[in-house]
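Asks: My questions will all concern the structure given below.
2 protein chains.
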Amino acid sequence: MNLYLAAKMTEFKFVARIIDLYTEERIAVINSKDAMRLDIKPFDRIRIRKGEKAVYSSVYLSEKLTESGVIGVTKVVADAVGLKDRDEVLVELAPQPLSLVYIKKKMKGETLTKDEIHKIVEDIATGNIGPLETLAFALTEYFVGLDMNEIEYLTRSMAEVGDRLDFGEPVYDKHSIGGVPGNKVSLLIVPIVAASGLLIPKTSSRAITSPSGTADTMEILTNVELEAEEIIKIAKKVRGCIVWGGMLNLAPVDDLIIRVEYPIGIDPEPQMMASILAKKLAVGVNNLVLDIPTGKGAKVETIEEAERLARKFIEMGDRLGIHIRCGITYGEQPVGHAVGPALEAKEALKALMGEGPASLIEKSLSLAGLLLEMGGIAPIGSGYSVAKEIWRKREAYEKMRQIIEAQGGNPNIKPEDIPIGEHIHTIYSPVDGYVTKVDNRAITEIARAAGAPRDKGAGVLLYVKRGYKVRKGEKIMEIYAERSTKLQDAIRVLNRYLPVVVEGMLLKTVSKGEMYLS
Amino acid sequence: MNLYLAAKMTEFKFVARIIDLYTEERIAVINSKDAMRLDIKPFDRIRIRKGEKAVYSSVYLSEKLTESGVIGVTKVVADAVGLKDRDEVLVELAPQPLSLVYIKKKMKGETLTKDEIHKIVEDIATGNIGPLETLAFALTEYFVGLDMNEIEYLTRSMAEVGDRLDFGEPVYDKHSIGGVPGNKVSLLIVPIVAASGLLIPKTSSRAITSPSGTADTMEILTNVELEAEEIIKIAKKVRGCIVWGGMLNLAPVDDLIIRVEYPIGIDPEPQMMASILAKKLAVGVNNLVLDIPTGKGAKVETIEEAERLARKFIEMGDRLGIHIRCGITYGEQPVGHAVGPALEAKEALKALMGEGPASLIEKSLSLAGLLLEMGGIAPIGSGYSVAKEIWRKREAYEKMRQIIEAQGGNPNIKPEDIPIGEHIHTIYSPVDGYVTKVDNRAITEIARAAGAPRDKGAGVLLYVKRGYKVRKGEKIMEIYAERSTKLQDAIRVLNRYLPVVVEGMLLKTVSKGEMYLS
């Protein structure tokens, strides 16, 4: 293969048509005859140009779907260059992308320059390199790693290739590296911090692999799909918000990278750091509390590992002008008792109203306290108690009502107003004993099989957590689903896992090493 | 992500329709409404089952392209399970493939068992894991490697998942690891060896990254697209053939792996070994001469490296029951003078008729000689001279005429009958001096830009090779093209390279480090 930049070839005129084919992949369809004329071979990519804007795409051939002279494009391709039906475009065989040379350089263990990394990020954004090349880059990060300079360049480039929010004043934020189900702490932290007067405009994500992202949970209470200008207006007015970041084109390359990492199930550390921090840069965050859930079954398994990662994040924050404090939290079991959008929103709302599981409230107050200290609202060491006061006096609940209303929801929503799945399966303890384990992955898989996050009312409610004492026949967990077929799916998944282990419980080992709840 | 085998979900009935969309990717199109019903999310894969046969596919959504209840599939999907238009199929969301667990195990540096590797190969074949997962496997081979046991398992599995040819007697073969343009030696070796009486049914490939594969070159002289039974019949009759292996479903997983390696430009050694040897196992090869072109600009750069690779191939051959001898050959410049299908076929035919460049004839006779020794036709050490006698007496030419005729071509074809491109660009030496370099990659890129291998008459003809003395103004190279636009493309590529370096020639360095022929 030619790794040099190929000579510029000829452009051909086409009329664009947006085709009725929905996929996130960048795909164009041309007539087989035109393919001959353009010398298109399998695996080739084309460049579609409209004026100064260009997008790169895979190309499929068709006899009839598009007639000669017409190029059918998927919506993502059209959106990338602002194409409308019947627009004239110029099409050429894409030259070998220069960024592939840099990816291969990194594959050999060499160090990349700022410009080289920027070119890779730019080429992922335009589609000049496609999913395979993007995965090659992510896997090279996994196997070879990036040094601190490279991570800094990657972070800055990812933020630059996309839009930014400017609040014109110091911005506070909280982020979790994830991996623990039920982690609805942002719904408590944001109103506590906003109630203190600090600005905390939280852009959050929807679930990719979890039963509910913060945006999915918040959506139960109010609208989370807001435009940039609305977000700025709302945040300035009520000092905080919890919105979905997906509409804002913040570090959009992140999504393209996640899309290829997801099927493989990788999340290499340099990319995780760059992805988190690029979005923070794009939102103009100056002060960040980073939650690092730690323990068996979490992303980070040991305290030593969590400390190492925390130091790395803090150093990277210094380079980027973001003041970071890390909270290493207990990550071996779900946070609180509820897992799934509606169940979690219900639990968070109850907690804001003064009543909720200690694991949820303590964690939220601790992390909020760190932010209050960073913002000078509380002296160092007393952030937790100041946060607790804000929560205890219902100032956080009052603030949440303002946020819900500002985002377009009903501020008077009550926990009991929130509908949850009507198809319920209850699991009882088979023995007397102490709960020795609540398995994150099992809970996640069961909740997702039950329909979460798409079915908002689906999820899992835990009646016990690690260390609880239970009696034989006592309720330990409920599965909620909106559809009976999904409940059956969840029960099938349940039968492959041990979501809750009670000491003394019989573990039946069957062939292929799978274990069933006795 | 769930790395456990998910519980079996429900199958839905669909009517299949083969859609007018050509791509090598496995793609199905369903109506958006059905997607809701099946709970299809972006990135999901589906399993399409017809009776006992199943294929896995990506899924795109459409409003109108397929109505509810209909699933549109590309031809590769249909072919995989023998689907015809309007066949009823059962569709379900694909469970997480078990082979992904094994790929991730290997990513962590662990060793895979025979069964685990077989599952990976099987899942690549059915599409149960798609291009991204396949690339993850190939890149893991690149970064982590495979040990000899793993390579053996991979080779055997790749051969098993596919068809086989059975000639019922010892089979001889020659293979080059590639990387050197103009390497048309098989067109001399096969008739020499067949003329000796040994059976040499050569299945060859078309070019992927080179200007001409052996199948492309042979196709100038005769038909190369033959069915398995014809190949066996022809080979038994005339003792040899040179056909395209692409129709025979030999180790088909190889193609699926190459398809993802190609855009990245990787060819990890374990995969290269397994790919070559799986095809040999599938054809029942017992005795193989492996050509390892070596030197700067070839795949293998040093003799030490070539020897290491040779030993590895020989050991792997022992494990697989294939007797292998390796020829380490000079690979720093093209073999012979001609590059491109028609130009190479012309040169090979001339050489068989007694007249041709020493580099082509010597290399062919040496490698053919090794096979004659392996087959007991020549005593050890005298293979070359026996091969030379067969060539000198025109027995090889006579045999080639028989092969051409048996495969359906005209045995009386003369070199001057072969049409070559009429658009010609000549390059003259700018100075007096010795040729110090003929660059493989530059020649390859120029020939491909000129249209090779698709335009059969396109390519490059070298008038000089390394060590030749030339005068200023003397012809050093010609570019041939069938179309003037392609000739212009080739000239543009030429201007970025130094395909031939004559000592004392001015190398003009321009910005960005590109060099032009002065």
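Chain order of the listed sequences is C and H.
Each position in the first sequence, counted from 1, maps to that position plus 741 in the numbering used here.
Each position in the second sequence, counted from 1, maps to that position plus 741 in the numbering used here.
From the three backbone atoms N, C-alpha and C, an ideal C-beta is built for every residue, glycine too.
#1: So what does DSSP say about Ala976/H, is it helix, strand or coil?
#2: According to DSSP, is Ile1007/C helix, strand or coil?
#3: Are there three or more Cβ pairs, one per stretch, closer than 8 Å when the stretch 1229 to 1241 of chain C is compared with the stretch 1182 to 1194 of chain C?
#4: Around the C-beta of Ile961/H, are 16 or more other C-beta atoms found within 10 angstroms, so that it is buried, or is it exposed?
#5: With distance defined between alpha-carbon atoms, name the residue in Tyr1071/C, Lys791/C, Arg1060/C and Asn924/C nearest to Leu891/C.
#6: Would you say Ala1147/H and Ile930/H are within 8 Å of each other, going by their C-beta atoms?
#7: Kindly list, in the order they appear in chain C, the residues whose Cβ is closer than 7 Å to that of Thr751/H.
#8: Under 8 Å, do Leu1022/H and Thr896/H count as touching if we go by C-beta distance?
#9: Per DSSP, Lys791/C is paired with what?
#10: Does Ala877/C get closer than 8 Å to chain D when you measure Cβ to Cβ?
#11: Below 7 Å on C-beta distance, what does Lys1178/C contact in chain H?
#12: Using a Cβ cut-off of 8 Å (strictly closer), state whether Asp826/H contacts chain C.
#13: When the Cα of Tyr1071/H is compared with those of Ala1092/H, Pro1098/H, Glu1042/H and Lys1091/H, which residue comes out closest?
#14: When the Cα atoms are used, what is the spatial distance from Ile918/H to Glu1002/H?
#15: With DSSP run on the structure shown, which of helix, strand or coil describes Arg1111/C?
#16: Is there a Cβ of chain H sitting closer than 8 Å to that of Phe755/C, yes or no?
#17: Going by DSSP in three states, Ser1100/C sits in which element: helix, strand or coil?
#18: Starting from Ile781/C, find everything on chain H with Cβ-Cβ shorter than 8 Å and list it in chain order.
#19: Within the stretch 1208 to 1254 of chain H, note down every full beta strand (DSSP E) run reaching 3 residues or more, in order along the chain.
#20: For Ala769/C, which residues does DSSP report across the bridge?
#21: What is the DSSP secondary structure of Gly1068/C, reduced to helix, strand or coil?
#22: Using DSSP with H/G/I as helix, E/B as strand and the rest coil, what is Val842/H?
#23: Determine the chain H residues that contact Pro872/C at a beta-carbon separation under 8 Å, and present them in chain order.
#24: Taking only beta-carbon positions, decide if Val1243/H is within less than 8 Å of chain C.
#25: Can you pull out the residues from the stretch 1129 to 1144 of chain C whose beta carbon lies closer than 9 Å to at least one beta carbon of chain H?
#26: List, from N- to C-terminal side, the alpha helix (DSSP H) runs of 4 residues or more that fit wholly inside the stretch 859 to 906 of chain C.
#27: Using a Cβ cut-off of 9 Å, pull out every chain C residue sitting near Lys805/H, in sequence order please.
#28: Taking CB distances under 8 Å as the criterion, tell me whether Ile1005/C reaches chain H.
#29: Terminal residues of the continuous beta strand (DSSP E) containing Lys1178/C?
#30: If we ignore side chains and look at the alpha-carbon of each, how far apart do Lys791/C and Phe755/C end up?
#31: Locate the alpha helix (DSSP H) running through Lys943/H, then write down its first and last residues.
#32: Residues in its own chain within less than 8 Å of Leu831/C by CB, not counting five upstream and five downstream?
#33: Which same chain residues end up closer than 8 Å to Leu876/H when comparing Cβ atoms and leaving out the 5 residues on each side of it in sequence?
#34: Below 8 Å between beta carbons: does that hold for Val1024/H and Leu991/H?
#35: With a cut-off of 8 Å, do at least 3 Cβ pairs link the stretch 1084 to 1094 of chain H to the stretch 1036 to 1052 of chain H?
#36: I'd like to know whether the C-beta of Met1256/H is nearer than 8 Å to at least one C-beta of chain C.
Replies: Working from what's here:
#1: Along the second sequence, one-based indexing puts residue 976/H at 235. Helix, per DSSP.
#2: In the first sequence, counting from the first residue as 1, residue 1007/C sits at position 266. Correct three-state label for Ile1007/C: coil.
#3: yes
#4: Along the second sequence, read from residue 1 onward, the residue named residue 961/H stands at position 220. Ile961/H is buried by the Cβ-count criterion.
#5: Position 150 of the first sequence holds residue 891/C. As written in the sequence, residue 891/C is Glu, which differs from the Leu given in the question. The candidate whose alpha carbon is nearest that of Glu891/C is Arg1060/C.
#6: Stepping through the second sequence from its first residue, residue 1147/H is reached at position 406. Stepping through the second sequence from its first residue, residue 930/H is reached at position 189. Contact flag unset, no.
#7: Mapped onto the second sequence, residue 751/H falls at position 10. Neighbours of Thr751/H on chain C, chain order: Thr1226.
#8: Residue 1022/H sits at position 281 when you count from the first residue of the second sequence. Residue 896/H sits at position 155 when you count from the first residue of the second sequence. Taking 8 Å as the Cβ cut-off, Leu1022/H and Thr896/H qualify as a contacting pair.
#9: The sequence position of residue 791/C within the first sequence is 50, counting from 1. In the DSSP output, where bridge partners are listed per residue, Lys791/C has Lys794/C.
#10: Looking at the structure shown, chain D is missing, and the protein chains on hand are C and H.
#11: Start at 1 with the first residue of the first sequence, and residue 1178/C comes out as number 437. Residues of chain H passing the Cβ test: none, with the nearest at roughly 17 Å.
#12: Within the second sequence, residue 826/H is the residue found at index 85, counting from 1. Not one chain C Cβ lies under 8 Å of Asp826/H.
#13: Translated into the one-based positions of the second sequence, residue 1071/H becomes position 330. Measuring from the Cα of Tyr1071/H, the nearest candidate turns out to be Glu1042/H.
#14: As a working note, residue 918/H is residue 177 in the second sequence. As a working note, residue 1002/H is residue 261 in the second sequence. Using only the alpha carbons, I get a separation of about 16 Å.
#15: Here residue 1111/C corresponds to residue number 370 of the first sequence, with the count starting at 1. With the sequence shown as reference, residue 1111/C is identified as Leu, and Arg is not the correct amino acid for it. Helix at Leu1111/C.
#16: Within the first sequence, the letter at position 14 stands for residue 755/C. Phe755/C does not count as touching chain H.
#17: To locate residue 1100/C, count along the first sequence from 1; it is residue 359. Taken through DSSP and simplified to helix, strand or coil, Ser1100/C comes out as helix.
#18: Looking up residue 781/C in the first sequence gives position 40. Residues of chain H passing the Cβ test: none, with the nearest at roughly 10 Å.
#19: If we require 3 residues or more, the beta strand (DSSP E) runs fully inside the stretch 1208 to 1254 of chain H come out as 1216 to 1222, 1241 to 1243 and 1248 to 1250.
#20: For the purposes of this step, residue 769/C is taken as the residue at position 28 of the first sequence. According to DSSP, Ala769/C bridges with Val800/C and Val814/C.
#21: Within the first sequence, the letter at position 327 stands for residue 1068/C. Per DSSP, reduced to three states, the secondary structure at Gly1068/C is strand.
#22: The sequence position of residue 842/H within the second sequence is 101, counting from 1. Looking at Val842/H - three-state DSSP - the assignment turns out to be helix.
#23: The residue given as residue 872/C occupies position 131 in the first sequence. Neighbours of Pro872/C on chain H, chain order: Pro872 and Leu873.
#24: Here residue 1243/H refers to the residue found at position 502 of the second sequence. No, because no Cβ of chain C sits closer than 8 Å to the Cβ of Val1243/H.
#25: none
#26: 872 to 884 and 889 to 901
#27: Numbered from its first residue, the second sequence carries residue 805/H at position 64. Under the 9 Å cutoff, chain C gives Asp761.
#28: As a working mapping, residue 1005/C is identified with position 264 in the first sequence. It does: the Cβ of Ile1005/C has a partner Cβ on chain H nearer than 8 Å.
#29: Your numbering for residue 1178/C matches position 437 in the first sequence. That run of the beta strand (DSSP E) goes Gly1174 to Val1179.
#30: In the first sequence, counting from the first residue as 1, residue 791/C sits at position 50. In the first sequence, counting from the first residue as 1, residue 755/C sits at position 14. Lys791/C and Phe755/C: Cα-Cα distance of roughly 10 Å.
#31: Counting from one through the second sequence, the residue named residue 943/H turns up at place 202. Premise fails: Lys943/H lies in the beta strand (DSSP E), Ile941 to Ser945, not in any alpha helix (DSSP H).
#32: As a position in the first sequence, residue 831/C is number 90, starting the count at 1. Taken in chain order, the residues that qualify are Glu752, Phe753, Lys754, Phe755, Ile789, Arg790 and Lys791.
#33: The residue given as residue 876/H occupies position 135 in the second sequence. The beta carbon of Leu876/H sits closer than 8 Å to the beta carbons of Val1001, Glu1002 and Ile1005 from its chain, once the five residues preceding and following it are set aside; these are given in chain order.
#34: Position 283 of the second sequence holds residue 1024/H. Position 250 of the second sequence holds residue 991/H. Yes, the pair counts as a contact, with Cβ atoms nearer than the cut-off.
#35: no
#36: Position 515 of the second sequence, counting from 1, holds the residue named residue 1256/H. Any reading at Met1256/H must be qualified, since the residue scores a pLDDT of 36, below 50, and its modelled position is unreliable; no value is offered.
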